[in-house]
Every structure is written in structure tokens, then in C-alpha cells.
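Colleague: Attaching a single structure in C-alpha cells format; questions to follow.
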Amino acid sequence: MSIKADHINYLYGEGTAFEQYALKDVSFEIEDGQFIGLIGHTGSGKSTLIQHLNGLMRASSGKIYYNGEDIDQEGYDRKALRSRVGLVFQYPEHQLFEVDVFSDVCFGPKNQGLSQEEIQQRAKEALMQVGLKEQFWGQSPFELSGGQKRRVAIAGVLAMRPEVLILDEPTAGLDPRGRDEILDEISKLHTEKKMTIVLVSHSMEDIARYADRILVMSHGEKVFDAPPKEVFRHYKELEQIGLAAPQITYVVQRLREQGISLDGDITTVKEATTAILGLLGKAGSRV
Amino acid sequence: MGIIKASRLIYDYIRRDEENHVEEVNRAIDGLDLDIKAGDFVAILGHNGSGKSTFAKQINGILLPTEGTVWISGMKTTDDEHIWDIRKTAGMVFQNPDNQIIGNIVEEDVGFGPENLGVPTDEIWKRVDESLEAVGMTAYRLKSPNKLSGGQKQRVAIAGIMAMKPQCIILDEPTAMLDPNGRKEVIRTIHELNKKEGITVLLITHYMEEVIEADRVIVMDGGRLVMDGVPQEIFSRVRELKDYRLDVPQVTELAYELKQAGVELPDGILTIDELIRHLLPVLQAAGAGM
């Protein structure tokens, strides 16, 4: 069970003078239950890539396999694929349209042709998964706050019971608490429901905290594919392609340069606190 | 009186039914008093729905007060005859660059504002040159805005405002849609405008790292001003910020956690340099070298 991209190329304006690679020879395999962070500068090919994974875009060459099956082969049920690989676009709240929250979340499962009972059951479950209280279910989605709207939009995708959830910058424009709440809900889907997650984000801090593997894209090519600690070790290369490591990585590197024996793979505040206190405690200092 | 002043400002969003009866009143700003000095770089923080953006829209008269008064350079926003002067004085930049760019090529886009103000052609071109120079986009003047990165588009949007020669720029989450490089570009650009051209800057953001170099930080909650000070003061109040659904930069948080555990560090550390300067001696004294 997995998603496999096999030498994917995608060309914009193929055969014209403006021909340009949006994806160039991209290969990887995402195993079930992984939490992938997908990072890259604007225009690096992230959004094009994720649209290939659920068959919204078709590669110019190369193949995508879902659970071992070529999604471009004749007779493959791409509609079913789209509910198995759920995609939450950037600013998904712009796509809300129903009269009330509950109907909006029902839209996906309704299109899957499920029974009324099943549809409602799924909508309820999805709304609870994103932590939206029942008092909001009857309200117009347009009366909700930004963070709440975004939850409704995510619930709409969850109601289709996807096996893989891909989210394109789900926290853009949210305040810090709203950002943490949404990411915690997503992380819960990963740990409790064993859902495979692909998180596209510009926040290296968030990626460091949640992902167990990072794919880095630059100019349409995959340039890194490793656990966060390994990827952030290359912070200088990341900077060259318009990215950065979490702030903590820089603190740790600077201390190491000054001869402090810290583990170079520290990327979060929690890890750094523990490590530094450990050093002070171990050395029997006056803390 | 500073360049921007609000006194006992109240703003209600009023929803009416089909017969124009009031259905719901939502108070977005609830008695705000604020005075901003010309030339300051002021950051406004606050969670979604705290009233930041509503206040920003009061500054150039997109919204008008329900009660209280807003003055821009001494002009009341409610005085009809001043509205164009107010909009010339205070320019706004929004979150999504794609919603703000209209020209087919960069220089056209930047010239659009002054053209609408009836500025003579020679003067327009002069302003376009200067504005593009100020945001570092001169090399792109004949390019299509569609071919630019997010950060570059935002800089073009800022140049478009600069070409109207404002005294003050209000930026409402200008980096929310940008990648780390784009974010840095935009923040660097507005700091330069503030320092070199003396433009007053009001920056609304959810990114705490963008705030540390501001002259003054204001925190809004429930339509009121709840914290007001220099970054160092504000960011030393970690618990309070978290209660307002906000955060602190990672370095500040690390310093705070270490301090809580008994490590001797000053309050409100904001940069990597500061933290290293204070933490290194502590670690060295404890014999934590390699």
C-alpha cells in the first residue's frame, strides 16, 4: 500500500517556445502511515506535484502508482482515487458554498453515492475530527472565523474517508494558536487513524515538529528526501534554494562552532531545552 | 498628535435582514485609543478576529468609525473633503499580491496609482523610477508581473503605493502567502523604506520573527489595545502572549524555557546573537565544551 512516483516529468506549454519543466524526473515512494513534509520555494513544483498524486494532473511522462496500480492505465477509477487521496487546497475556505456547515461537509460523500445515513454519519465524524463544535453545524460557513472555515473545508475532505490526506499550506493566514490547533488535529489523524499525511508548508518549524520525512523540491526537481534532522543538516544548501532551517538549528550550530558539545541534529525548542539543561546538569553547574 | 491617531474608536459590523432591520451587531473595535508617531515602525499583533484588519481599514477611510475619531496627519477620516488626501497619505498593501496587480508590465502597474491621482506624465515616470529603485525591482520594470515570484510581486505592490508618495504604509499580512525568501525580501524592503525614506510603517503579521526589529509592538484583543511596548518588553511576557493566542520567536521561547528551569538569562531575548552571547558563558562556565 503506497503512492509511488516513477520518473515523473511535467512540461508546461509542451511543443511551444515557452516549454518549461514544472517537474523533472521526480521519483519517490510514500509508504502507508508516513507523515511527509513537502517544502520548496514558490514555483518549485510542490503544488503541481501534489495534483499528480490524486490524478488531477497527468504527467507528461513517467508513472504514478497507487497501491501498485498505474493510475493512468485504461479503466482505472480516478474518481475513486480522488476520495482515497484527499487533497486540501490552499485557502480551501474559498471553496465553501453550501447554506450550512453540515451540508457543506456532506457534499463529498454525497457525490460518492452513499446512503443518506452513511453520509450524515461521516459528516458528523469528520466535523468532530477537526474539533468543530456541534453548535456551529447549522450555521452558514461564511459566518465563521477564518480558522473555523478552514476546519469545515478540511472536514469536507475527511468525510470522504481518504487513506491519504494531502494539505497545501493549511495554516497560511492563521494566528499562531489557530495554526497549532489545526496541526495538532492533523497530527492526531496521523497517530490515531494511521492516515498517511503529506503536508506542504513554508514553515520549517512546523515541518520539524511533525514530519518524519521531508521531500525538498527546487526548480521542479527533488533535491532532498530524508528525515528532518538529516535535511536540516544541509541548512546552507537549503538557503541557496530559498529555504531555511528552523531557527533552533542555527542556535545549535552557533553553539557547536563555539565548542559546545551539542547534538547537531536538534531542530525543536523542546529538544534544545532538554539538551542544554542536560549539559548544565551533567556538568554539575550552578543552574 | 502623531501621524495616526485614534480616539475612543468603536466599529460595529452590522448585519441587516431584507427589510433593513438590524439582525446582528458585531463589535470589531471596542474603544481603541492609539497615537502613532511619524517615522515609527509599528507592528500590530493579534489573533484572527482581534480587530487588526478592521483598524487598518479605518486608517485610510475604507471603513469609517461607528463612534470615536481617527485622524491621519490631523485630518479626520469622516471629513469627505479630505478622503483623497488621506488615501494619498496612508497607502495599503494586502495579503494576496495577485489581487493587487493590474498592469501588464511592472512599470505600468507602479504608475497606475499616481496616474489616478492626476500626476503629470513626466512626474509619473520619475516616481516609477524612484519607487522601483526603492524596492529593488528596477531590473524587472519591463517584465510581466505574472512571471515574478510572490515576494517580487509584493515588492511591486509596495512600489505602487510608494509612487503615490505616502507618508505612511499599512501592510496587512503582506507575507502570509510567501516562502521564507519572499518573506525576508519584503520585510527587508519595508525596513529600508522606513529608515531611508522615513516612511511610517504599520505592519500587521502573524509571524513573530518579523516583529523583533520594530520600534513598537501593539497587541490587540477583542478590539482593544492590550499590550504596547518595545519588542523586548512584549516578548518577555511569553505567558500573556500565549493567552492572546500568539507566540514568540523560537529563540525567545528557548531562552524563556531555560530561564524557567533556572538558567540565568535576561528577559526578552529576541535574536540568535543575543541568546548566544548570554548562553555561551553559562555553558562554558559549566564546562560544557567539547
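Residue numbers (the numbering used here), protein chains in the order written: chain A, 1 to 287; chain B, 1 to 290. Positions of the beta carbon are idealized from the N, C-alpha and C atoms, including for glycine.
#1: At 8 Å on the CB atoms, spell out the chain B contacts of residue 280 of chain A, in chain order.
#2: Please name the residue in B:93, B:55, B:147, B:134 whose C-alpha comes closest to that of residue 105 of chain B.
#3: Spell out the partners DSSP gives residue 24 of chain B in its beta bridges.
#4: Rounded to whole angstroms, what is the Cα-Cα separation between residue 21 of chain A and residue 163 of chain A?
#5: Could you work out which residue in B:50, B:49, B:6, B:56 is closest to residue 35 of chain B when comparing CA atoms only?
#6: Compute the Euclidean distance between the alpha carbons of residue 188 of chain A and residue 104 of chain A, then round it to the nearest angstrom.
#7: Count the other CB atoms within 10 Å of the CB of residue 199 of chain A; is the residue buried (16 or more) or exposed (fewer)?
#8: What is the DSSP secondary structure of residue 188 of chain A, counted as helix, strand or coil?
#9: According to DSSP, what are the bridge partners of residue 269 of chain B?
#10: Between residue 277 of chain A and chain B, is the shortest Cβ-Cβ distance under 9 Å, so that the two count as touching?
#11: In the DSSP output, which residue or residues are listed as bridge partners for residue 8 of chain A?
#12: Could you confirm whether any beta carbon from chain B is found closer than 9 Å to the beta carbon of residue 234 of chain A?
#13: Exposed or buried, which one is residue 64 of chain B when buried takes at least 16 other CB atoms within 10 Å?
#14: Under a CB-based cut-off of 9 Å, is residue 232 of chain B close to chain A?
#15: Mind reading off the beta-carbon distance from residue 210 of chain A to residue 35 of chain A? Whole number of angstroms is fine, and I expect it under 8 Å.
#16: For residue 245 of chain B, collect the residues of the same chain with a Cβ closer than 6 Å to its Cβ; drop the 5 residues on either side in sequence, then sort them by chain order.
#17: Residue 119 of chain B CB to nearest chain A CB: under 9 Å?
#18: If I'm right that residue 112 of chain A touches residue 83 of chain A with Cβ under 8 Å, what's the distance once you round it to whole angstroms?
#19: With a threshold of 8 Å on Cβ separation, who are the neighbours of residue 218 of chain B within its own chain once the five nearest residues in sequence on each side are excluded?
#20: Starting from the C-beta of residue 87 of chain B, find all residues in its chain whose C-beta is less than 7 Å away, skip the five residues before and the five after it, and write them out in chain order.
#21: Does the CB of residue 254 of chain A have a neighbour CB from chain B at under 9 Å?
#22: If you drop the 5 nearest sequence neighbours on each side, which residues of the same chain put their C-beta closer than 7 Å to that of residue 101 of chain B?
#23: In chain order, which alpha helix (DSSP H) runs of at least 4 residues are fully inside the segment 55-91 of chain B?
#24: Taking any Cβ of chain A, which residues in the segment 146-177 of chain B have a Cβ under 9 Å from it, in chain order?
#25: Output needed for residue 230 of chain B: all residues of its chain with C-beta closer than 6 Å, excluding positions within five of it in sequence on either side, in chain order.
#26: Is the Cβ of residue 286 of chain A closer than 9 Å to any Cβ of chain B?
#27: Is residue 263 of chain B closer than 9 Å to residue 266 of chain A when the C-beta atoms are compared?
#28: Return the CA-CA distance between residue 168 of chain B and residue 151 of chain A, expressed in angstroms with no decimal places.
#29: Helix, strand or coil for residue 151 of chain A per DSSP?
#30: Evaluate the contact criterion for the segment 67-81 of chain B versus the segment 258-275 of chain B: three or more CB pairs, one atom per stretch, below 8 Å.
#31: Going along the chain, which residues of its own chain have a beta-carbon closer than 7 Å to the beta-carbon of residue 255 of chain A, five neighbours each way excluded?
#32: Could you check whether the segment 9-29 of chain B touches the segment 187-203 of chain B, counting it as contact only if at least three pairs of C-beta atoms, one from each stretch, sit closer than 8 Å?
#33: Output, in chain order, the set of chain A residues within a Cβ distance shorter than 7 Å of residue 251 of chain B.
#34: Report the three-state DSSP secondary structure of residue 171 of chain A (helix, strand or coil).
#35: Keeping to the same chain, check which residues put their C-beta closer than 8 Å to that of residue 103 of chain B; ignore five residues upstream and five downstream.
#36: Under 7 Å Cβ-Cβ, which residues of chain A neighbour residue 257 of chain B?
Modeller: Taking the definition as stated:
#1: Counted from its first residue, the first sequence places residue 280 of chain A at position 280. Residues of chain B passing the Cβ test: 263, 282, 283, 286, 288.
#2: Within the second sequence, the letter at position 105 stands for residue 105 of chain B. Answer by Cα proximity: B:147.
#3: Start at 1 with the first residue of the second sequence, and residue 24 of chain B comes out as number 24. Beta-bridge pairing links residue 24 of chain B to B:15.
#4: Sequence index remark: in the first sequence, residue 21 of chain A carries index 21 (1-based). Sequence index remark: in the first sequence, residue 163 of chain A carries index 163 (1-based). Between residue 21 of chain A and residue 163 of chain A, the C-alpha separation is close to 30 Å.
#5: For the purposes of this step, residue 35 of chain B is taken as the residue at position 35 of the second sequence. If we check each option's Cα against that of residue 35 of chain B, B:6 comes out closest.
#6: Residue mapping note: residue 188 of chain A aligns to position 188 of the first sequence, counting from 1. Residue mapping note: residue 104 of chain A aligns to position 104 of the first sequence, counting from 1. So the two alpha carbons sit approximately 23 Å from each other.
#7: Taking the first sequence and counting its residues from 1, one reaches residue 199 of chain A at position 199. Classification for residue 199 of chain A: buried.
#8: As a first step, residue 188 of chain A must be located in the first sequence, where it is residue number 188. Residue state, collapsed to three classes: helix.
#9: Residue numbering aside, residue 269 of chain B sits at position 269 when the second sequence is read from its first letter. According to DSSP, residue 269 of chain B bridges with nothing at all.
#10: For this step, residue 277 of chain A is matched to residue 277 along the first sequence. With 9 Å as the cut-off, residue 277 of chain A counts as an interface residue toward chain B.
#11: On the first sequence, position 8 is the one that residue 8 of chain A refers to. A:26, per the DSSP bridge assignment.
#12: Locating residue 234 of chain A in the first sequence gives position 234, counting from the first residue. With 9 Å as the cut-off, residue 234 of chain A does not count as an interface residue toward chain B.
#13: Against the second sequence, residue 64 of chain B aligns to sequence position 64. By the 10 Å Cβ count, residue 64 of chain B comes out exposed.
#14: Position 232 of the second sequence, counted from the first residue, corresponds to residue 232 of chain B. No, no contact with chain A.
#15: For this step, residue 210 of chain A is matched to residue 210 along the first sequence. For this step, residue 35 of chain A is matched to residue 35 along the first sequence. So it is a contact: roughly 6 Å between Cβ atoms.
#16: Your numbering for residue 245 of chain B matches position 245 in the second sequence. Once the five neighbours on either side are set aside, the close Cβ partners of residue 245 of chain B are 47.
#17: Counted from its first residue, the second sequence places residue 119 of chain B at position 119. Cβ-Cβ to chain A under 9 Å: no for residue 119 of chain B.
#18: As a first step, residue 112 of chain A must be located in the first sequence, where it is residue number 112. As a first step, residue 83 of chain A must be located in the first sequence, where it is residue number 83. Indeed they touch by this definition, with Cβ atoms about 6 Å apart.
#19: Counting from 1 along the second sequence, the entry for residue 218 of chain B is found at position 218. Only 34, 42, 43, 44, 45, 225, 227, 228 meet the Cβ criterion.
#20: Numbered from 1 along the second sequence, position 87 holds the residue referred to as residue 87 of chain B. For residue 87 of chain B, where only same-chain residues beyond five positions count, the Cβ hits under 7 Å are 60, 61.
#21: Here residue 254 of chain A corresponds to residue number 254 of the first sequence, with the count starting at 1. It does: the Cβ of residue 254 of chain A has a partner Cβ on chain B nearer than 9 Å.
#22: Taking the second sequence and counting its residues from 1, one reaches residue 101 of chain B at position 101. Excluding residues within five positions, the ones whose Cβ falls inside 7 Å are 109, 145, 153, 156, 157.
#23: 83-89
#24: 149, 150, 151, 173, 176, 177
#25: Counting from 1 along the second sequence, the entry for residue 230 of chain B is found at position 230. The answer is none, since no qualifying residue turns up.
#26: To locate residue 286 of chain A, count along the first sequence from 1; it is residue 286. In this predicted model, residue 286 of chain A has a pLDDT of only 44, less than 50, meaning its place in the structure is not dependable; the value taken from the coordinates is given anyway. At least one chain B Cβ lies under 9 Å of residue 286 of chain A.
#27: Residue numbering aside, residue 266 of chain A sits at position 266 when the first sequence is read from its first letter. Residue numbering aside, residue 263 of chain B sits at position 263 when the second sequence is read from its first letter. No, these two residues do not count as a Cβ contact at 9 Å.
#28: Here residue 168 of chain B corresponds to residue number 168 of the second sequence, with the count starting at 1. Here residue 151 of chain A corresponds to residue number 151 of the first sequence, with the count starting at 1. Going by the C-alpha atoms only, they are around 36 Å apart.
#29: Translated into positions along the first sequence, residue 151 of chain A becomes position 151. Looking at residue 151 of chain A - three-state DSSP - the assignment turns out to be helix.
#30: no
#31: Start at 1 with the first residue of the first sequence, and residue 255 of chain A comes out as number 255. Result list for residue 255 of chain A: 262, in chain order.
#32: no
#33: Taking the second sequence and counting its residues from 1, one reaches residue 251 of chain B at position 251. Within 7 Å Cβ-Cβ: 247, 251.
#34: On the first sequence, residue 171 of chain A is found 171 positions in, with the first residue counted as 1. Correct three-state label for residue 171 of chain A: coil.
#35: Here residue 103 of chain B refers to the residue found at position 103 when the second sequence is read from its first residue. Contacts found: 109, 110, 111, 112, 145.
#36: Residue mapping note: residue 257 of chain B aligns to position 257 of the second sequence, counting from 1. 269, 273, listed in chain order.
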